[in-house]
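At position 95 of the sequence shown the residue is numbered 95 (this note's numbering), and the sequence of numbers has no breaks. Just so you know, even glycine gets a beta-carbon here, dropped at the ideal spot from N, CA and C. Because the structure is a prediction, the values reported are computed rather than measured.
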Amino acid sequence: MKVKNKETRIRKIQRKKEGAKEDEDEEREEGERFMLQNVLTDKIDELPLSYRTRMFFQQDGCPAHHAVTVRNWLNSEFSEHWIGRDGPILWPPRSPDLIILGFYL
1 MKVKNKETRI RKIQRKKEGA KEDEDEEREE GERFMLQNVL TDKIDELPLS
51 YRTRMFFQQD GCPAHHAVTV RNWLNSEFSE HWIGRDGPIL WPPRSPDLII
101 LGFYL
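Okay, here's the thing in structure tokens:
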């Protein structure tokens with residue numbers, strides 16, 4: 001008995017917004033429009049200096065968050081006080097019984 005395979009097709013179920021960039025530019029675009037530069041900076045500036053000097057920023061290992069522009073900004077804003085890939089304090093190894101706060105606190 002011969003089995004005939006049907007032709008497989010990929011169908012998009014989500015549409016891009018009009019004017020959206022192509023997929024190849026998404027990582028670069030995400031790095032360039034990093035939310036912290038536009039939103040969080042003002043909120044951080046409102047905090048008392050005593051809080052800001054003891055504050056650490058935690059960054060995950062998402063490729064878009066690992067862009068050079070993002071890391072440069074984190075270095076300028078948080079100096080040695082950020083946790084993340086290629087940062088001054090490395091993101092801890094993945095472990096099913098370990099959460100980020102348990103590793104550092």
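Just how far apart, CA to CA, sit G61 and M55? The count along the sequence shown starts at 1 and reaches residue 61 at position 61. The count along the sequence shown starts at 1 and reaches residue 55 at position 55. Approximately 20 Å, taken between the alpha carbons.
Which residues mark the beginning and the end of the alpha helix (DSSP H) in which D86 is found? Here residue 86 refers to the residue found at position 86 of the sequence shown. Counted as a single uninterrupted DSSP element, the stretch harbouring D86 is not any alpha helix (DSSP H), since DSSP gives it neither H nor E.
Look at the alpha carbon of E46 and the alpha carbon of L40, and state the distance between them as a whole number of angstroms. Locating residue 46 in the sequence shown gives position 46, counting from the first residue. Locating residue 40 in the sequence shown gives position 40, counting from the first residue. Roughly 10 Å separates the two Cα atoms.
On the CB-based measure, 16 or more other CB atoms within 10 Å of its CB, does L90 come out buried or exposed? On the sequence shown, position 90 is the one that residue 90 refers to. With fewer than 16 other Cβ atoms within 10 Å, it is exposed.
How would you write the range of the alpha helix (DSSP H) that F78 sits in, first residue to last? Residue numbering aside, residue 78 sits at position 78 when the sequence shown is read from its first letter. Start and end: 68 to 78.
Where L74 falls, given that 16 or more other Cβ within 10 Å makes a residue buried: Translated into positions along the sequence shown, residue 74 becomes position 74. With 16 or more other Cβ atoms within 10 Å, it is buried.
Boundaries (first-last residue) of the alpha helix (DSSP H) holding R52: What you label residue 52 is simply residue 52 of the sequence shown in a count that begins at 1. Counting along the chain, the alpha helix (DSSP H) containing R52 begins and ends at 49 to 52.
What's the gap between the Cα of H81 and the Cα of R71? Position 81 of the sequence shown, counted from the start, is the residue given in the question as residue 81. Position 71 of the sequence shown, counted from the start, is the residue given in the question as residue 71. It is roughly 12 Å from the alpha-carbon of H81 to the alpha-carbon of R71.
Among D42, P63, E77, Q59, which has the Cα closest to the Cα of G84? As a working note, residue 84 is residue 84 in the sequence shown. The candidate whose alpha carbon is nearest that of G84 is Q59.
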